[in-house]
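Residue numbers (the UniProt record's numbering): 1 to 343. Even glycine gets a Cβ: it sits at the ideal position worked out from N, Cα and C. Data first, discussion second: the structure below is written as structure tokens.
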């Protein structure tokens, strides 16, 4: 019967650390150390000295100075008592030192197991996200050929989310020049599609999400913030931080509009509504220690700031509320609070 990989890993660690701890507990703790052995030998030697004095030189033992019972008891027993006390003290110190070593070994073993489990989980998550992104980019490349035909049947949105170059109508454009970027062929991106793209597909079967993401990747400005969000979400997943697990406090649309218009500090502090202490602590620690993560986070914050400043001009309050509930916006709330954007 197969066992779980984490259980096998735990058994492997237990197999290496367990016997050592057992030896310390069962054998070394009961064995006599060098101090106890020396004390025992000295006690035996002192007993032999006392017996020798009484057997070989009884007249010395019967001298007036030794006649008092208390003097005899102290002379015979005091060295033995001192040796016993010294041996007990040294044994206690040795046991405490061994106990400290056992605790240190156990803590090191647990820490190694935790790090191994975290790294394996992050590796699986990163592989899944990378594979999904590769599928998206492959689908995008396949649809570029049919993009012009698709665009003629697509309804032009009322409001663009991010300004793009106006595309000449088919009647005005005889033919496309060689090397024309796909961004120049793309129509304005609808707010609804852009908001849906910022939340990323829910699963491999989320066709609507993939369509919105492909459309957003055809827009120059939209693709920049989408790719920055993909990078930072992948890095956050390495620490087990997932946006679906966060439940931030919702900020009013007018506060988001103030942020888009350049307001910073305590006036827009409500945007930092993430209260998950573990996510904040892990993100803050990695921001300080990992330069790659720090650069990716600041790049993402800049892209989101630029994108939202343009988006707010044409967005309704309902659309701002919908955008604030996307995975990309939650990552912005988390990293913005860690970076001090709302302080």
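Boundaries cannot be given for residue 341, as no alpha helix (DSSP H) includes it and DSSP labels it neither H nor E.
With contacts defined by Cβ atoms closer than 8 Å, residue 268 and residue 337 do not form a contacting pair.
In the structure shown, the three-state DSSP call for residue 315 is coil.
Residues of the same chain with a CB within less than 6 Å of the CB of residue 239, apart from the 5 flanking positions on each side, are 282 in chain order. Under the DSSP assignment, residue 241 falls outside any alpha helix (DSSP H); it carries neither an H nor an E label. For residue 93, the secondary structure class from DSSP, reduced to helix, strand or coil, is helix.
DSSP, reduced to helix, strand and coil, places residue 190 within a strand of the structure shown. Look at residue 206 here: in three-state DSSP terms it is coil, with no helix or strand label. When the alpha-carbon of residue 47 is set against those of 242, 80, 244, the nearest one is in 80.
Excluding sequence positions up to five before and after residue 255, its CB lies within less than 7 Å of the CB of 268, 270, 271, all in the same chain and listed in chain order.
Contact annotation: residue 260 and residue 324 have beta-carbon atoms that are not nearer than 8 Å. Counting only runs of 4 or more residues that sit fully inside the segment 210-259, the alpha helix (DSSP H) segments are 220-237, in chain order. Residue 271: not part of any alpha helix (DSSP H); DSSP gives it neither H nor E. Around the CB of residue 204, fewer than 16 other CB atoms lie within 10 Å, so the residue is classed as exposed. Between the alpha carbons of residue 226 and residue 286 lies a gap of roughly 22 Å. Sequence-distant partners of residue 331 (beyond 5 residues in either direction) whose C-beta falls short of 8 Å from its own C-beta, in its chain, are 229, 232, 233, 236, 243, 300.
In its chain, beyond the 5 residues on either side, 246 have a beta carbon closer than 7 Å to the beta carbon of residue 276. Sorting 293, 316, 320, 314 by C-alpha distance to the C-alpha of residue 339 places 293 at the top. By the neighbour-count criterion, in which 16 or more other beta carbons inside 10 Å mark a residue as buried, residue 118 falls on the exposed side. Residue 44 and residue 105 have their alpha carbons spaced roughly 38 Å apart. Residue 266 sits in a helix when the DSSP states are folded into three classes. The C-beta distance from residue 76 to residue 51 rounds to 10 Å, too long to fall under 8 Å, and the pair is not in contact. Apart from the 5 residues on each side of it in sequence, residue 317 sits with its Cβ closer than 6 Å to the Cβ of 253 in its chain, given in chain order.
It is roughly 20 Å from the alpha-carbon of residue 328 to the alpha-carbon of residue 127. By the beta-carbon neighbour count (other beta carbons within 10 angstroms, threshold 16), residue 218 is buried. Residue 130 carries a helical assignment under DSSP once its states are collapsed to helix, strand and coil. Residues of the same chain with a CB within less than 6 Å of the CB of residue 224, apart from the 5 flanking positions on each side, are 303 in chain order.
Boundaries for residue 275: no alpha helix (DSSP H) harbours it, and the DSSP string shows neither H nor E there. Closest in alpha carbon position to residue 258, among 311, 249, 289, is 311.
Contact between residue 307 and residue 248 is absent: CB atoms are separated by about 19 Å, not below the 8 Å threshold.
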